[in-house]
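Working notes for the structure below.
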Amino acid sequence: MSQKEFDWEFAVKIPGFSWECMSNCVSETVTLSSSGDVGNYYYGQGHPMKPHRIRMTHNLLLNYGLYRKMEIYRPHKANAEEMTKYHSDDYIKFLRSIRPDNMSEYSKQMQRFNVGEDCPVFDGLFEFCQLSTGGSVASAVKLNKQQTDIAVNWAGGLHHAKKSEASGFCYVNDIVLAILELLKYHQRVLYIDIDIHHGDGVEEAFYTTDRVMTVSFHKYGEYFPGTGDLRVRTGTNSVVCHGKH
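So the sequence shown is numbered by full-length UniProt numbering: it starts at 1 and just counts up by one.
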């Protein structure tokens, strides 16, 4: 990529940016999981979760020419068997069955699985989960097989989903499933979460094992999901560091 192909006005605003750094970074193999379909799903009017932003991000990579430094591949759709490596069978069966036109038949299950206002039922819900999860699991497989150094899935990161419950716009926890895949080849995995919300779903999934260390940088207080207090020591062999901020 030449300097002309990169937006210099944008680049100079990045702390520590240099063309030498750019060259060093792209010397590693980077794979990008991309499915044009995933940006077409719609949570509903006024909902803050907007999958079309995934498509916008992909378009930025194309327009800046960054795609030339990556291997872009189309991931598979994760099936129910893959999802139930963590999630409960009845929860995944529910996600496969529920649709906007049959919600009245599942009112009790919707309440049980926390599907409703924050986690609405929309057209293609399960297929959206399949694409999101498939990208993260496929990325983990590529890392395990040493087919890439860095794997990216813009459609992933749904860190609030629980074993048998939707939460915080998240239905299937693709991160947990990707980590389970990584654990097939690696003794320990470090998970770093930089979302503004506490990564409670991932922390809960690996709460009792010392093979996964979860680190979450998030806003705390009267803020969703309300967990992640530094004063609470959590998990096996937990360590809490109280920094300046």
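In this text, a Cβ means the ideal position worked out from N, Cα and C, and glycines have one as well.
These figures come from a predicted structure and were not determined experimentally.
Checklist entry - Which whole-angstrom value is the C-beta distance of F122 and Y171, which I expect to be below 8 Å? => result The beta-carbon distance between F122 and Y171, rounded to whole angstroms, is 11 Å. This is too long to meet the 8 Å contact definition.
Checklist entry - CA-CA distance, H218 and D193? => result Just so you know, the alpha carbons of H218 and D193 end up roughly 8 Å apart.
Next on the checklist: Measuring only the C-alpha atoms, how far is S216 from F169?
Outcome noted: About 18 Å.
Next on the checklist: Would N40 and P51 be called neighbours here (beta carbons separated by less than 9 Å)?
Outcome noted: Yes.
Item to check | Buried versus exposed, by CB contacts within 10 Å (16 or more), K162 | outcome: The residue in question, K162, is buried, as its Cβ has 16 or more Cβ neighbours within 10 Å.
Checklist entry - If you draw a straight line from the C-alpha of D229 to the C-alpha of L60, how long is it? => result If you take the alpha carbons of D229 and L60, they lie about 36 Å apart.
Item to check | Of the residues C119, T148, N153 and A140, the one placed nearest H160, counting alpha carbons only | outcome: It is C119.
Checklist entry - Got a sec? Which residues, its chain only, sit under 8 Å from T84 by beta carbon, not counting five neighbours each side? => result Same-chain partners within the cutoff: I92.
Next on the checklist: Between E204 and the ligand FAD, is there a pair consisting of the residue's CB and a ligand heavy atom that are separated by less than 8 Å?
Outcome noted: Annotation note on the ligand FAD: not contained in the displayed structure, which lists no ligands.
Next on the checklist: Between the alpha carbons of V202 and L183, how many angstroms are there, rounded?
Outcome noted: Taking the straight line from one Cα to the other gives about 14 Å.
Checklist entry - Is V38 near T148, with beta carbons less than 9 Å apart? => result No, they are not a contact pair.
Next on the checklist: Extract the residue ranges of the alpha helix (DSSP H) inside the stretch 157–205, only unbroken runs of 4 or more that lie entirely within it.
Outcome noted: Segments of the alpha helix (DSSP H) lying fully in the stretch 157–205: 174–182 and 200–205.
Checklist entry - Looking at C-alpha atoms only, which residue of I54, G44 and G46 is the closest neighbour of L32? => result The alpha carbon of L32 has as its nearest neighbour, out of I54, G44 and G46, the alpha carbon of I54.
Checklist entry - Thinking just about the alpha-carbon of each residue, which of S34, E28 and T227 is nearest to the one in F128? => result The shortest Cα separation from F128 among S34, E28 and T227 belongs to S34.
Checklist entry - Which two residues bound the contiguous alpha helix (DSSP H) that contains T57? => result Start and end: H52 to Y64.
Checklist entry - Residues bridged to M213 by DSSP? => result The partner list for M213 (beta bridge, DSSP) reads L190.
Item to check | Where K108 falls, given that 16 or more other Cβ within 10 Å makes a residue buried | outcome: Its Cβ having fewer than 16 others within 10 Å, K108 is exposed.
Next on the checklist: Does Q187 pass the burial test, meaning 16 or more other C-beta atoms within 10 Å, or should it be called exposed?
Outcome noted: Q187 should be labelled exposed.
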